[in-house]
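These protein sequence lines are chains A and B, in that order.
For the first sequence, my numbering gives the first residue as 609, with consecutive numbering after it.
For the second sequence, my numbering gives the first residue as 609, with consecutive numbering after it.
2 protein chains.
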Amino acid sequence: MNSIEEKLKYSNYRITGQRAAILEVMMDNRGKHLSAEEVLYRAREKMPNIGMATVYRTLDKLASIEVLYKTMFGEGRYRYELCDEGTHQHHHIICPGCGRITEMEDDLLNILEQKIESQGYEIIDHDLKFYAYCPECRSKR
Amino acid sequence: MNSIEEKLKYSNYRITGQRAAILEVMMDNRGKHLSAEEVLYRAREKMPNIGMATVYRTLDKLASIEVLYKTMFGEGRYRYELCDEGTHQHHHIICPGCGRITEMEDDLLNILEQKIESQGYEIIDHDLKFYAYCPECRSKR
DNA sequence: ACTAAAATGATAATGATTATCAATAATATT
DNA sequence: AATATTATTGATAATCATTATCATTTTAGT
Ligand SMILES: [Mn+2]
Ligand SMILES: [Mn+2]
Ligand SMILES: [Zn+2]
Ligand SMILES: [Zn+2]
């Protein structure tokens with residue numbers, strides 16, 4: 609169960625026009641971290657009458673089957689992005705100066721996860737964020 | 609600048625009765641993760657007229673000088689706890705079944721942080737969460 | 001075509017956080 | 001000590017992202 613198609617198939621929920629539009633938006637914006645509002649705006653370019661409740665519902669559904677990754681970068685609203693396929697979800701570096709979000713691949717967490725699993729837990733997900741001034745913002749201080 | 613007293617002193621903001629009460633609440637609940645509402649409730653036991661705006665203001669202020677750690681465990685509201693002194697902030701394991709939060713010490717992130725700093729970033733903070741079914745919740749499935 | 005279930009969109013409701021502002025308290029100045 | 005200046009407080013209203021409601025529409029299975 610790895611590709612988006614498989615996840616959708618096994619979720620057995622209907623691929624309506626609205627949902628396809630939202631998924632397209634997310635795929636068109638691979639690597640970006642979109643808020644529900646931004647998704648609504650872009651989805652309306654494909655489907656002018658789509659409502660915001662549908663956007664919220666669909667984003668949550670896609671997140672629940674791990675097609676999307678839903679997280680908050682400390683601004684009081686969730687953002688969504690396509691999940692990494694196969695590999696571990698990447699980490700984020702958020703600059704408190706300019707708000708820019710950088711991504712980071714790494715496998716060190718596997719070690720921690722093994723430790724946690726050896727204590728009887730079943731890991732579903734993880735979320736690692738660094739708050740760090742980026743090189744540009746640092747030079748401006 | 610490590611102990612709470614030092615942090616308060618260098619922050620030079622006034623230690624009013626309300627602020628002392630809130631700080632006391634947090635110290636009485638070391639290891640717990642309290643919402644603003646819970647802090648309000650407990651603070652009112654010491655100071656019946658304290659208002660909720662003051663609680664929010666104070667919690668944010670204490671978080672800004674790193675006396676408190678403010679984070680969200682995926683339920684749409686922030687929670688606050690005393691910062692670890694000296695050492696690195698610990699990590700959290702959140703059980704999607706029962707909501708229980710477990711803490712975890714570890715130093716592996718130092719390696720990642722060095723990597724990030726070598727790229728010119730200046731790290732302020734980090735936040736690592738694992739979402740994992742706890743042993744009890746696992747056996748109930 | 002017919003029926004049952006699922007999805008949609010408009011709108012209202014919720015709930016946590018923030019802003020406002022007059023009243024009060026703390027500190028500095030005389 | 002009295003006064004002036006500044007910060008803090010609490011009541012309340014405002015904000016804003018997310019959720020709930022519900023009548024209507026769409027879909028899938030027969
Ligand atoms: Mn990302
Ligand atoms: Mn903790
Ligand atoms: Zn920056
Ligand atoms: Zn549990």
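All residues carry an ideal CB built from backbone N, CA and C; glycine is no exception.
Between which two residues does the beta strand (DSSP E) harbouring residue 724(B) extend?
-> Translated into positions along the second sequence, residue 724(B) becomes position 116. Where residue 724(B) is concerned, there is no enclosing beta strand (DSSP E), although the alpha helix (DSSP H) it sits in stretches over 717-725.
By Cβ distance below 7 Å, which residues in the same chain neighbour residue 612(B) in space, the five residues on each side in sequence not counted?
-> The residue you call residue 612(B) lines up with position 4 of the second sequence. Once the five neighbours on either side are set aside, the close Cβ partners of residue 612(B) are 675.
Is residue 705(A) near ligand 3, judged by its Cβ being under 7 Å from some heavy atom?
-> For the purposes of this step, residue 705(A) is taken as the residue at position 97 of the first sequence. The answer is yes for residue 705(A).
Find the nearest neighbour of residue 697(B) within the set 728(B), 678(B), 651(B), 682(B), judged by alpha-carbon distance.
-> The count along the second sequence starts at 1 and reaches residue 697(B) at position 89. Nearest option by C-alpha distance: 678(B).
Let me have the residue list for ligand 1: C-beta closer than 6 Å to any non-hydrogen atom, ordered along the chain.
-> 641(A), 689(A), 698(A), 700(A), 711(A)
Does the beta carbon of residue 738(B) sit closer than 8 Å to a beta carbon anywhere in chain A?
-> Taking the second sequence and counting its residues from 1, one reaches residue 738(B) at position 130. For residue 738(B), the answer is yes, since a Cβ of chain A falls inside 8 Å of its Cβ.
Could you tell me the distance, in whole angstroms, from the CA atom of residue 628(A) to the CA atom of residue 648(A)?
-> In the first sequence, residue 628(A) corresponds to position 20, counting from 1. In the first sequence, residue 648(A) corresponds to position 40, counting from 1. Going by the C-alpha atoms only, they are around 13 Å apart.
Spell out the partners DSSP gives residue 592(B) in its beta bridges.
-> With chain B covering only 609 through 749, there is no way to say anything about residue 592(B).
Any Cβ of chain A within less than 8 Å of the Cβ of residue 656(B)?
-> Position 48 of the second sequence, counted from the first residue, corresponds to residue 656(B). Output row for residue 656(B): interface = no.
In its own chain, which residues sit with a C-beta less than 7 Å from the C-beta of residue 691(B), not counting the 5 before and 5 after it?
-> The residue labelled residue 691(B) in the question sits at position 83 within the second sequence. So the list reads 674, 675, 676, 677, 697, once near-sequence residues are dropped.
Taking the alpha carbon of residue 744(B) as the point to measure from, which residue in 736(B), 617(B), 708(B), 645(B) has its own alpha carbon closest?
-> Taking the first residue of the second sequence as position 1, residue 744(B) is located at position 136. Closest by alpha carbon: 708(B).
Test: residue 716(A) CB closer than 8 Å to a CB of chain B | Working through the first sequence from its first residue, we reach residue 716(A) at position 108. Taking Cβ atoms only, chain B reaches closer than 8 Å to residue 716(A), which makes this a yes.
Return yes when the Cβ of residue 740(B) is within less than 8 Å of the Cβ of residue 730(A), no when it is not.
-> Indexing the first sequence from 1 puts residue 730(A) at position 122. Indexing the second sequence from 1 puts residue 740(B) at position 132. A contact, by the Cβ cut-off of 8 Å.
Which residues share a DSSP beta bridge with residue 734(A)?
-> The residue you call residue 734(A) lines up with position 126 of the first sequence. In the DSSP output, where bridge partners are listed per residue, residue 734(A) has 738(B).
Which residue from 749(B), 738(B), 637(B) puts its Cα closest to that of residue 680(B)?
-> Taking the first residue of the second sequence as position 1, residue 680(B) is located at position 72. Per the Cα distances, 738(B).
How would you call residue 802(B), buried or exposed, if buried means at least 16 neighbouring beta carbons within 10 angstroms?
-> Outside the displayed range of chain B (609 to 749) lies residue 802(B), so it cannot be described from this structure.
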